[in-house]
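Right, one structure below, let's go through it.
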Amino acid sequence: QLVESGGDLVQPGGSLRLSCAASGFTFSGYWMIWVRQAPGKGLEWVAHIKGDGSVKYYVDSVKGRFTVSRDNAKNSLYLQMNSLRAEDTAVYYCVRETSWSFDFWGQGTLVTVSS
Amino acid sequence: QSALTQPPSASGSPGQSVTISCTGTSSDVGGYNHVSWYQQHPGKAPKLLIYEVYKWPSGVPDRFSGSKSGNTASLTVSGLQAEDEADYYCSSYAGSNHWVFGGGTKLTVL
Numbered sequence: 045q046l047v048e049s050g051g052d053l054v055q056p057g058g059s060l061r062l063s064c065a066a067s068g069f070t071f072s073g074y075w076m077i078w079v080r081q082a083p084g085k086g087l088e089w090v091a092h093i094k095g096d097g098s099v100k101y102y103v104d105s106v107k108g109r110f111t112v113s114r115d116n117a118k119n120s121l122y123l124q125m126n127s128l129r130a131e132d133t134a135v136y137y138c139v140r141e142t143s144w145s146f147d148f149w150g151q152g153t154l155v156t157v158s159s
Numbered sequence: 002q003s004a005l006t007q008p009p010s011a012s013g014s015p016g017q018s019v020t021i022s023c024t025g026t027s028s029d030v031g032g033y034n035h036v037s038w039y040q041q042h043p044g045k046a047p048k049l050l051i052y053e054v055y056k057w058p059s060g061v062p063d064r065f066s067g068s069k070s071g072n073t074a075s076l077t078v079s080g081l082q083a084e085d086e087a088d089y090y091c092s093s094y095a096g097s098n099h100w101v102f103g104g105g106t107k108l109t110v111l
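Residue numbers (my numbering), protein chains in the order written: chain W, 45 to 159; chain D, 2 to 111.
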């Protein structure tokens with residue numbers, strides 16, 4: 045199970061930290077991903093992090109503003125989002141990667157960036 | 002990296018087959034066999050249907066099948082059922098440690 049939390053209404057330029065609690069599998073053995081979906085729009089890959097946290101990748105539009113991290117002792121994934129923009133408004137999904145695909149999804153948490 | 006191109010809508014009657022295309026470039030769909038497909042019902046999280054172009058995760062019926070030719074991947078839904086009405090997204094590894102999704106196709110069961 046993947047359970048996201050931390051979504052909220054935040055002003056442009058503000059910060060937010062999303063969390064994802066994982067259970068039911070060996071969390072440290074998997075790459076984990078954040079995927080977002082703007083209201084009424086399609087899916088967008090946001091960030092990837094390796095099982096041990098040593099490697100991270102980001103979509104260009106969030107580089108320098110978002111940081112993905114994990115705490116394997118707590119079976120938790122995080123997304124620190126700074127300098128938020130209106131276009132970051134979306135449901136953010138915590139997702140497990142297996143075999144180059146995204147096989148296990150959380151229910152999502154809504155981030156709204158608006159003044 | 003640009004989004005993969007999917008038709009915005011598709012439709013079919015119960016029992017029929019429908020194919021949804023996903024067109025990319027030689028840098029993503031054409032360059033790797035890392036194409037996957039997802040089904041999303043309204044208000045729900047996406048669900049993995051197909052991975053590595055044509056493979057089924059456990060629990061997914063074989064009415065869903067995937068293929069690829071050149072820069073275009075396809076998802077075929079056979080024996081359409083009412084519960085297949087949903088949005089469908091393709092995804093591909095795009096090189097340089099990036100992944101890309103398609104814009105989504107809304108499947109209507111008539």
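Beta carbons: idealized from backbone N, C-alpha and C, even for Gly.
Straight-line gap, residue i to residue j (C-alpha atoms, nearest Å)
{"i": "N72 of chain D", "j": "T26 of chain D", "result": "5 Å"}
{"i": "D96 of chain W", "j": "Q81 of chain W", "result": "26 Å"}
{"i": "V155 of chain W", "j": "V54 of chain W", "result": "8 Å"}
{"i": "P8 of chain D", "j": "L108 of chain D", "result": "10 Å"}
{"i": "F148 of chain W", "j": "Q17 of chain D", "result": "29 Å"}
{"i": "P56 of chain W", "j": "P62 of chain D", "result": "44 Å"}
{"i": "T111 of chain W", "j": "C138 of chain W", "result": "14 Å"}
{"i": "Y122 of chain W", "j": "P58 of chain D", "result": "27 Å"}
{"i": "N116 of chain W", "j": "F71 of chain W", "result": "7 Å"}
{"i": "G60 of chain D", "j": "Y90 of chain D", "result": "19 Å"}
{"i": "S127 of chain W", "j": "G152 of chain W", "result": "21 Å"}
{"i": "F102 of chain D", "j": "K118 of chain W", "result": "30 Å"}
{"i": "I51 of chain D", "j": "I21 of chain D", "result": "13 Å"}
{"i": "V47 of chain W", "j": "D88 of chain D", "result": "23 Å"}
{"i": "A4 of chain D", "j": "D29 of chain D", "result": "10 Å"}
{"i": "G104 of chain D", "j": "G108 of chain W", "result": "25 Å"}
{"i": "S143 of chain W", "j": "S92 of chain D", "result": "13 Å"}
{"i": "A65 of chain W", "j": "Q124 of chain W", "result": "15 Å"}
{"i": "T106 of chain D", "j": "S10 of chain D", "result": "5 Å"}
{"i": "F65 of chain D", "j": "H99 of chain D", "result": "26 Å"}
{"i": "P43 of chain D", "j": "G86 of chain W", "result": "12 Å"}
{"i": "T77 of chain D", "j": "V36 of chain D", "result": "14 Å"}
{"i": "L49 of chain D", "j": "K56 of chain D", "result": "11 Å"}
{"i": "Y94 of chain D", "j": "T24 of chain D", "result": "13 Å"}
Nonlocal neighbours in the same chain, by C-beta distance under 8 Å from residue i, ignoring five residues either side
{"i": "N34 of chain D", "result": "E53, V54, K69"}
{"i": "V110 of chain D", "result": "S12, G13, S14, P15, L81, Q82, A83, D85, E86"}
{"i": "T133 of chain W", "result": "A82, P83, V155, T156, V157, S158"}
{"i": "E88 of chain W", "result": "V79, R80, Q81, A82, V103, A134"}
{"i": "E141 of chain W", "result": "Y74, W75, M76, I77, H92, D147"}
Minimum Cβ-Cβ distance from residue i to chain D less than 7 Å
{"i": "W89 of chain W", "result": "yes"}
{"i": "Y74 of chain W", "result": "no"}
{"i": "N86 of chain W", "result": "Note on residue identity: the sequence assigns Gly, not Asn, to residue 86 of chain W. So, interface residue."}
{"i": "G97 of chain W", "result": "no"}
{"i": "G152 of chain W", "result": "yes"}
Neighbour flag for residue i against chain W, beta carbons, 7 Å
{"i": "E53 of chain D", "result": "yes"}
{"i": "L49 of chain D", "result": "yes"}
{"i": "Y94 of chain D", "result": "yes"}
{"i": "W100 of chain D", "result": "yes"}
{"i": "S27 of chain D", "result": "no"}
{"i": "Y89 of chain D", "result": "no"}
{"i": "S68 of chain D", "result": "no"}
{"i": "G32 of chain D", "result": "no"}
Residues near residue i in its chain [Cβ-Cβ closer than 6 Å; skip 5 each side]
{"i": "K100 of chain W", "result": "I93, V112"}
{"i": "S67 of chain W", "result": "Q45"}
{"i": "T47 of chain D", "result": "Checking the sequence, you will find Pro at residue 47 of chain D rather than Thr. Within the same chain, P47 of chain D has close Cβ partners Y39, Q41."}
{"i": "R114 of chain W", "result": "I93, G97, L121"}
{"i": "G96 of chain D", "result": "S28"}
Chain-order list of residues whose beta-carbon lies under 7 Å from that of residue i (same chain, five-residue window excluded)
{"i": "A130 of chain W", "result": "P56, V157, S158"}
### Task
Note down, in chain order, all residues in the segment 119 to 150 of chain W with a beta-carbon under 7 Å from any beta-carbon belonging to chain D.
For the segment 119 to 150 of chain W, residues whose beta-carbon sits nearer than 7 Å to a beta-carbon of chain D comprise Y137, S143, W144, S145, F146, D147, W149, G150.
### Task
Jot down the residue ranges of each uninterrupted beta strand (DSSP E) in the segment 61 to 141 of chain W, minimum 3 residues, whole runs only, in chain order.
76 to 81, 87 to 93, 100 to 102, 110 to 115, 120 to 125
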